Structure formats: C-alpha cells, structure tokens
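Enquirer: There's a structure below that I have some questions on.
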Amino acid sequence: MTIIELVTAEAAGERRTILVAATLAGAANTLILALVNIAATEPKTAGLRLFVMFGLAVLLYIVTARRTYNRTTQLIETALHRIRTRIIIKIERTDLQGMERIGTSEIMDRITENTSVISDSAGVIANLLQSVAIIAFATVYLAWRSLPAFALMALLVMAGVVLFLSKQALVGEYLQRSGQERLTFFDLVTDLLRGFKEAKYNQRRAREIRHDIAQSSASLREATTEANHIFNDNIIFASCILFAMLGALVFVLPLHVETDGTTLAALVSGVLFAWGPLGALVGGFPAYLRSNHALTQVQALEEKLDANARAATPAEEVEGPWQGRFTTIEARDLEYQYIPEGGARPFRIGPVNLTVAAGEVIFVVGGNGSGKSTFLKAFTGLYEPTAGELRADGVLVQPENAASYRGLFSAIYSDFHLFAKLYGLLDVDPAAVQRLLAEMQLDDKTAYKDRRFTKRNLSTGQRKRLAMVVALLEDRPIHIFDEWAADQDPEFRKRFYEELVPALKRQGKTVIAVSHDDRYYRCADRVVTMEYGRIRSVEHVTTDTPVQGTAEPLA
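If you're matching positions, the sequence shown starts at 1 in UniProt numbering and goes up one per residue.
Shown next, in the form of structure tokens:
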C-alpha cells in the first residue's frame with residue numbers, strides 16, 4: 001500500500017470531494033495565469049470585470065486549497081491513529097516469545113519514527129494533488145495557445161519522467177538499508193544506556209561499544225546520503241528540464257513554427273507558471289517515497305505481529321472457568337523450546353511433571369541457566385508449551401482460556417517493570433496502599449496519588465518492594481517471585497521469608513519463589529531443584545523450627 005492508497009482508502013466517501021477541491025484549486029491557478037496574461041497583453045482594456053474575476057479566482061484557490069490541505073492532513077492523521085491503535089491491539093494479542101523475537105527496537109521505530117515520517121507527508125500529499133491539477137490545466141492552456149509548443153513540451157516531459165523513474169528502484173534500496181541501519185544504531189545505543197555502569201568499569205569495553213556505534217552511524221550516514229544525493233540530482237534534473245523547455249520555446253519553436261511575440265510570451269509565462277507545481281512534485285517526491293517506505297515498514301511489523309498472535313479472542317472477551325480460584329495445577333510432561341534466529345543453539349526445558357496445590361509454598365532452586373525462569377513463564381501461561389500440557393482443576397490450558405488462566409497469577413520477575421499507573425486495579429483504597437508502603441519502608445520514598453506512585457526512580461531493591469505493593473494489591477491466588485529477595489538487605493530478606501511468605505500462606509495464597517537462599521528453604525513446603533531444564537528433585541520440607549510471622553497478613 002502506498003500513502004496515496006492509504007488516503008484514498010481512508011477518504012472513502014470523501015474521495016470525490018477532495019479530488020474536486022484539488023482540481024478546482026488547479027483550475028483557479030490556471031485561471032489566474034490566463035487573467036494575468038490577458039491583462040498584461042491588453043492593459044488598456046483590462047477593466048473592473050477582469051479585476052473582479054481575478055479576485056474571485058484567488059478566493060476560489062484559497063477556499064479549495066485550504067479544503068484539500070486540511071482534509072488530507074486529517075485523513076492521514078486519522079489513518080495513523082487507527083494504525084497505531086491496531087498495532088497496540090496486536091501487541092496485546094502477541095505471545096511473549098513473539099515479542100522477544102520481534103524486539104522492542106523495531107516496534108518503537110515503527111510506531112514512532114515511521115509514523116512521524118508518514119504524518120509529515122500530509123502537507124506534501126495535498127500539495128502533490130494540487131500540483132498535478134495545476135500542471136494538467138497549465139498543459140491545457142499551452143495546448144490552447146499552441147499545439148506545436150504543447151507537443152514539444154510533452155516530448156521533453158516524457159523523456160524527463162522516464163529518466164526520473166529509472167532511479168527510483170535504487171532509492172528504495174537505499175531507504176531500506178537506511179531503515180535497517182537505524183534499527184541497528186538504536187539497538188547499540190540502547191545497549192550502551194542499559195549497560196552504562198558496566199561500560200564505566202571497563203575502558204576497553206566502552207571503546208569497543210563506541211566503535212560499533214560509530215560504525216553503525218557511518219553506515220546510516222552513507223545510506224541516507226546516497227538516497228539524498230539521488231533526490232538532489234532529481235531536483236537539479238527538473239531544473240534542467242525547465243531550462244530545456246524554455247530554450248525549446250525561445251530558440252527552437254520560432255525556427256519551425258511561425259509564432260508571434262504575444263503568443264511566445266504567453267507560452268513562456270505558462271511554462272514558468274507550471275514550474276512551481278512541477279518543482280513541488282519533484283521536491284515532494286522524496287517525502288512521498290520516504291512515507292511509502294515507512295508505511296511498508298509499518299505493514300511489515302503488523303504482519304509479524306499477526307504471525308505471532310495467539311488464536312484466542314482478546315483477553316477482555318474471554319470468560320475463563322476458574323474465576324480467580326483454583327485447587328490444583330498440574331504440569332504433565334510439559335516442554336518448551338525456544339529456537340533463536342540465526343541458527344543459534346535452541347534452549348529447551350522439560351519434560352516437567354509437577355502438581356501445585358492451593359496454599360502451597362514452593363521454592364524453585366538451581367544454578368544459573370538451569371531453566372527456572374523459563375519454566376515459570378511456561379507454567380504461568382506466558383509461553384505456550386511445545387509439548388505436554390497444563391491442567392488447572394482438570395481443565396486443559398489452551399490459547400482460548402490462557403488469558404483467564406494467567407489471571408490466577410501475580411508475578412515479579414527479575415526483569416520486572418513498574419507501570420506509571422496502577423492499570424487494571426480499580427477502587428484502590430489509598431489508606432491500604434499507604435499501609436503497604438509503610439510495611440515496605442517506602443512511605444518516605446514515594447506516595448500514592450491519582451492511581452500513581454509519585455516516584456518510581458528508586459534503587460533496585462526499593463523498586464522490587466514497590467512491585468510487591470502492586471502484587472499484594474492485585475490479590476491474586478498465586479504469587480510468583482523470581483529471586484525477589486536477591487536485591488534486598490539482610491533485614492528485608494529475612495522479613496520476606498519469615499513474615500511475608502507465611503502471611504500469604506495463611507491467606508490461602510500459593511507462593512512459587514525462585515531462590516538461592518538455602519538458609520530459608522525451611523520456609524517452604526517443597527523445594528524443587530532444576531538442572532538443565534528439568535526437575536532433578538522435589539524435596540518435601542520438614543522442620544521443627546517454627547517460622548516467624550505476623551499475626552495478620554500484609555495488606
């Protein structure tokens with residue numbers, strides 16, 4: 001789809017109105033030219049009638065041009081709003097593995113940079129429509145004044161168009177390369193910003209990162225410069241076509257066709273008058289090509305999202321069988337395999353067999369890379385199993401009910417994110433939030449106001465505690481904690497294991513926590529040890545050491 005097709009599709013019933021407005025704007029321009037030529041060649045006879053006609057033509061141009069510009073801009077912005085909204089809906093329907101495969105850099109580039117390019121083309125498209133109309137009427141005017149001159153001009157223009165279009169495939173290649181280099185550059189800069197502390201500790205690492213970024217920037221510069229060189233050549237070439245047309249009229253036409261001075265002057269003024277719209281066409285063509293390329297990239301993203309979308313209806317339309325409650329969840333020969341792009345070695349977990357009962361506290365332990373986090377993502381429905389099955393209260397978990405199943409869980413992963421607003425939580429009691437902030441020793445760091453926390457720029461441990469506040473407010477039956485205690489000080493680590501976890505258990509909540517704190521394994525009902533993506537052992541914890549706990553759960 002091109003940008004013109006986008007506007008045409010969006011316009012629907014207004015297409016005729018916009019085309020009529022653009023045509024009238026072109027006709028008004030040509031009428032202004034004709035009236036000026038008449039008045040200039042016959043100044044003594046030019047009277048009030050011509051002046052009134054001139055004023056009306058100018059007024060007609062203002063009204064119709066404004067209509068063309070405003071409606072085209074509105075249509076493109078409306079189309080972009082629908083595209084952005086559609087992409088967000090598709091993102092919501094995409095599974096986690098699909099999102100990880102596509103990458104945030106591409107998504108951000110498409111819905112920000114590319115849509116901005118398309119938005120910037122709105123005025124250009126409106127100008128192109130008017131320019132085409134003006135050139136068409138100017139051509140009719142030239143034919144009316146002199147058919148031989150019209151034939152000569154048409155021959156030159158056709159030759160120019162053929163040469164002009166011959167370079168457009170090369171422009172498309174450069175724009176494609178430029179888009180890829182921009183994504184690479186964005187990824188590298190993001191990598192530097194996220195690893196800023198690590199880069200500061202190693203000067204060689206920092207130099208190598210800087211070198212890669214500089215190389216990427218140079219490649220981006222080269223691709224963009226080459227495309228712009230062609231655009232610049234086109235503008236110069238268009239000027240040469242104008243000079244050729246003027247030269248043909250002044251030097252060639254009089255040698256072969258008898259032409260009086262008045263007609264020749266009118267023809268020259270007609271060509272000069274058409275030069276403005278012709279220059280707008282040539283000058284606006286780069287923006288038109290860029291917008292087409294940007295639209296193609298946005299459509300490619302939508303196709304990727306469609307390919308990774310789950311088959312179920314949107315989450316808000318799914319009525320699941322659990323209604324926020326469960327008795328047991330069973331993983332039967334559960335397997336998940338991730339095959340990265342580029343032929344890298346795939347990662348696999350399973351087969352895993354595990355049954356989790358309501359109210360249990362389970363610690364998942366194992367070395368780094370043993371598959372703990374991946375297993376939890378598969379167990380909680382973020383990853384669709386490649387083999388085996390999940391059953392909650394005997395009901396098979398599948399794409400049609402996966403959203404309802406995920407509604408059983410509240411999770412804080414090691415790469416957790418704190419949203420700016422308490423999305424999904426309604427009628428939150430500010431007093432309850434304040435109590436939780438105090439329990440987490442955050443009441444002097446941030447506050448709750450208008451469904452938001454006033455400050456999120458906290459230390460990692462404090463941000464995890466703030467995420468815990470959100471998780472407790474969600475009040476889901478199952479809590480997933482992926483090494484939550486790892487960034488806490490000894491005091492809060494002890495409170496987590498000996499107070500918070502037992503308090504959740506007394507509430508009837510199920511807790512599944514990834515942990516390396518073997519001194520607190522006694523706080524669990526079972527300890528599941530993973531190794532190379534499989535469960536190596538399941539230990540039932542029995543201890544005579546009482547677990548401390550608050551009289552009431554944290555809430």
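Virtual Cβ for every residue (Gly too), placed ideally from N, Cα, C. For clarity, every value in this text was computed on a predicted model and none was experimentally measured.
#1: Any idea if N202 is buried or exposed, counting beta-carbon neighbours within 10 angstroms, 16 or more meaning buried?
#2: Could you name the residues that DSSP lists as bridge partners for Y448?
#3: State the beta-bridge partners of Y336 as determined by DSSP.
#4: Does the Cβ-Cβ distance between R71 and I38 come in under 8 Å?
#5: Candidates V538, I3 and K90: which alpha carbon is nearest D120's?
#6: Cα separation between G284 and A40?
#7: How long is the line joining the alpha carbons of T112 and I76, rounded to whole angstroms?
#8: Report the CB separation of Y336 from A378 in whole angstroms; it is logged as a contact under 8 Å.
#9: Measuring CA to CA, which of S116, R290, L147 and L80 is closest to S175?
#10: According to DSSP, simplified to helix, strand and coil, what is S414?
#11: If I measure Cβ to Cβ from F137 and keep anything under 6 Å in the same chain, skipping five residues before and after, which residues do I get?
#12: Excluding the 5 residues preceding and the 5 following I213 in the sequence, name in chain order all residues of the same chain whose CB lies nearer than 8 Å to its CB.
#13: For K421, which residues of its own chain have a beta-carbon under 6 Å away from its beta-carbon, when the five flanking residues on both sides are left out?
#14: What do you get for F196, buried or exposed, if any count of 16 or more other CB atoms within 10 angstroms of its CB means buried?
#15: With 16 other CB atoms within 10 Å as the buried threshold, where does A9 fall?
#16: Taking the alpha carbon of residue 584 as the point to measure from, which residue in R182, D427, F416 and M468 has its own alpha carbon closest?
#17: Measure the alpha-carbon distance for L305 versus K449 and round it to whole angstroms.
#18: Just the C-alpha distance for G424 and V511, rounded to the nearest angstrom, thanks.
#19: Return the residue from the list D415, M530, E491 and D443 that minimises the CA-CA distance to R194.
#20: Does the distance from the C-beta atom of E384 to that of T355 stay below 8 Å?
#21: As an exercise, report each continuous alpha helix (DSSP H) stretch of at least 4 residues that is fully enclosed by the segment 356-380, in chain order.
#22: Using CA coordinates, which residue listed in L437, F363, F419 and A133 is at the minimum distance from residue 556?
#23: Mind the definition here: the segment 140-157 touches the segment 75-91 only if three or more C-beta pairs lie below 8 Å; say whether that holds.
#24: Starting from the C-beta of L220, find all residues in its chain whose C-beta is less than 7 Å away, skip the five residues before and the five after it, and write them out in chain order.
#25: Helix, strand or coil for R534? Go by DSSP, reduced to three states.
#26: Determine the DSSP secondary structure at E483, reduced to helix, strand or coil.
#27: If you draw a straight line from the C-alpha of V528 to the C-alpha of V538, how long is it?
#28: Count the C-beta pairs between the segment 473-480 and the segment 395-414 that are closer than 8 Å, then say yes if the count reaches three, no if not.
#29: Once you ignore the five residues that flank R15 on each side, which residues in its own chain have a CB closer than 8 Å to its CB?
#30: What is the rounded straight-line gap between the Cα of A311 and the Cα of E5?
#31: Classify Q548: buried if its beta carbon has 16 or more other beta carbons within 10 angstroms, exposed otherwise.
#32: Given a threshold of 16 other Cβ atoms within 10 Å of its Cβ, counted over all protein chains shown, does E316 qualify as buried or as exposed?
#33: Can you tell me whether M158 is buried or exposed? The criterion is at least 16 other CB atoms within 10 Å of its CB, across all chains shown.
#34: Please name the residue, chosen from V171, V250 and V257, that lies closest to F231 on a Cα-to-Cα basis.
#35: How long is the line joining the alpha carbons of L156 and D95, rounded to whole angstroms?
#36: Helix or strand or just coil, what does DSSP make of T94?
Expert: Reading it off the structure:
#1: Residue numbering aside, residue 202 sits at position 202 when the sequence shown is read from its first letter. The residue in question, N202, is exposed, as its Cβ has fewer than 16 Cβ neighbours within 10 Å.
#2: In the sequence shown, counting from the first residue as 1, residue 448 sits at position 448. BP columns for Y448 point to F453.
#3: Mapped onto the sequence shown, residue 336 falls at position 336. Looking at the DSSP assignment, Y336 forms a beta bridge with I349.
#4: Reading the sequence shown from its first residue, position 71 is the one you call residue 71. Reading the sequence shown from its first residue, position 38 is the one you call residue 38. Going by C-beta atoms, R71 is not nearer than 8 Å to I38.
#5: Within the sequence shown, numbered from 1, the residue matching residue 120 stands at position 120. Here the closest residue by C-alpha is I3.
#6: Here the question's residue 284 lines up with position 284 in the sequence shown. Here the question's residue 40 lines up with position 40 in the sequence shown. One C-alpha to the other measures close to 32 Å.
#7: The count along the sequence shown starts at 1 and reaches residue 112 at position 112. The count along the sequence shown starts at 1 and reaches residue 76 at position 76. Those two C-alpha atoms are separated by around 15 Å.
#8: Reading the sequence shown from its first residue, position 336 is the one you call residue 336. Reading the sequence shown from its first residue, position 378 is the one you call residue 378. Right, their Cβ atoms sit about 4 Å apart.
#9: Residue mapping note: residue 175 aligns to position 175 of the sequence shown, counting from 1. What sits at residue 175 in the sequence shown is Leu, not Ser. It is R290 whose Cα lies nearest to the Cα of L175.
#10: Position 414 of the sequence shown, counted from the first residue, corresponds to residue 414. Three-state DSSP puts S414 in coil, outside helix and strand.
#11: What you label residue 137 is simply residue 137 of the sequence shown in a count that begins at 1. Closer than 6 Å at Cβ, skipping near neighbours: G26, A27 and T30.
#12: On the sequence shown, residue 213 is found 213 positions in, with the first residue counted as 1. Around I213: F185, L188, V189 and L192.
#13: The count along the sequence shown starts at 1 and reaches residue 421 at position 421. Hits under 6 Å: R451 and R452.
#14: As a first step, residue 196 is located in the sequence shown; it is residue number 196 there, counting from the start. Exposed is the call here.
#15: Mapped onto the sequence shown, residue 9 falls at position 9. Classification of A9: exposed, given that the 10 Å Cβ count is below 16.
#16: Given that the chain is displayed from residue 1 to residue 555, the structure contains no residue 584 and the question cannot be resolved.
#17: In the sequence shown, counting from the first residue as 1, residue 305 sits at position 305. In the sequence shown, counting from the first residue as 1, residue 449 sits at position 449. Between L305 and K449, the C-alpha separation is close to 35 Å.
#18: Residue numbering aside, residue 424 sits at position 424 when the sequence shown is read from its first letter. Residue numbering aside, residue 511 sits at position 511 when the sequence shown is read from its first letter. Each residue's alpha carbon lies about 22 Å from the other.
#19: Within the sequence shown, residue 194 is the residue found at index 194, counting from 1. The shortest Cα separation from R194 among D415, M530, E491 and D443 belongs to D415.
#20: For the purposes of this step, residue 384 is taken as the residue at position 384 of the sequence shown. For the purposes of this step, residue 355 is taken as the residue at position 355 of the sequence shown. It is not a contact, given that the beta carbons lie outside the stated cut-off.
#21: 372-379
#22: Missing from the structure shown is residue 556; the chain here goes from 1 to 555 and no further.
#23: no
#24: Mapped onto the sequence shown, residue 220 falls at position 220. Result list for L220: S178, E181, R182 and F185, in chain order.
#25: Locating residue 534 in the sequence shown gives position 534, counting from the first residue. Strand at R534.
#26: On the sequence shown, position 483 is the one that residue 483 refers to. In this structure, E483 counts as coil in the three-state DSSP scheme.
#27: In the sequence shown, residue 528 corresponds to position 528, counting from 1. In the sequence shown, residue 538 corresponds to position 538, counting from 1. So the two alpha carbons sit approximately 5 Å from each other.
#28: yes
#29: In the sequence shown, counting from the first residue as 1, residue 15 sits at position 15. These residues qualify, in order along the chain: T8.
#30: The count along the sequence shown starts at 1 and reaches residue 311 at position 311. The count along the sequence shown starts at 1 and reaches residue 5 at position 5. Residue placement at A311 is poorly supported in this model, since its pLDDT is 45, which falls under 50; the coordinates still yield a value, given next. The alpha-carbon atoms of A311 and E5 are separated by roughly 30 Å.
#31: Counting from 1 along the sequence shown, the entry for residue 548 is found at position 548. Its pLDDT being 45, under 50, Q548 is placed unreliably by the model, and the measurement read from it follows with that caveat. Label assigned to Q548: exposed.
#32: Position 316 of the sequence shown, counted from the first residue, corresponds to residue 316. Because the pLDDT at E316 is just 46, under 50, the model does not fix this residue reliably, and the value given afterwards should be weighed accordingly. E316 is exposed by the Cβ-count criterion.
#33: Within the sequence shown, residue 158 is the residue found at index 158, counting from 1. Exposed, because fewer than 16 other Cβ atoms sit within 10 Å of the Cβ of M158.
#34: As a first step, residue 231 is located in the sequence shown; it is residue number 231 there, counting from the start. Selected option, being the one with the closest Cα: V171.
#35: Here residue 156 is taken as the residue at index 156 of the sequence shown, counted from 1. Here residue 95 is taken as the residue at index 95 of the sequence shown, counted from 1. In a straight line, the C-alpha of L156 is about 56 Å away from that of D95.
#36: Residue numbering aside, residue 94 sits at position 94 when the sequence shown is read from its first letter. T94 falls in the strand class under three-state DSSP.
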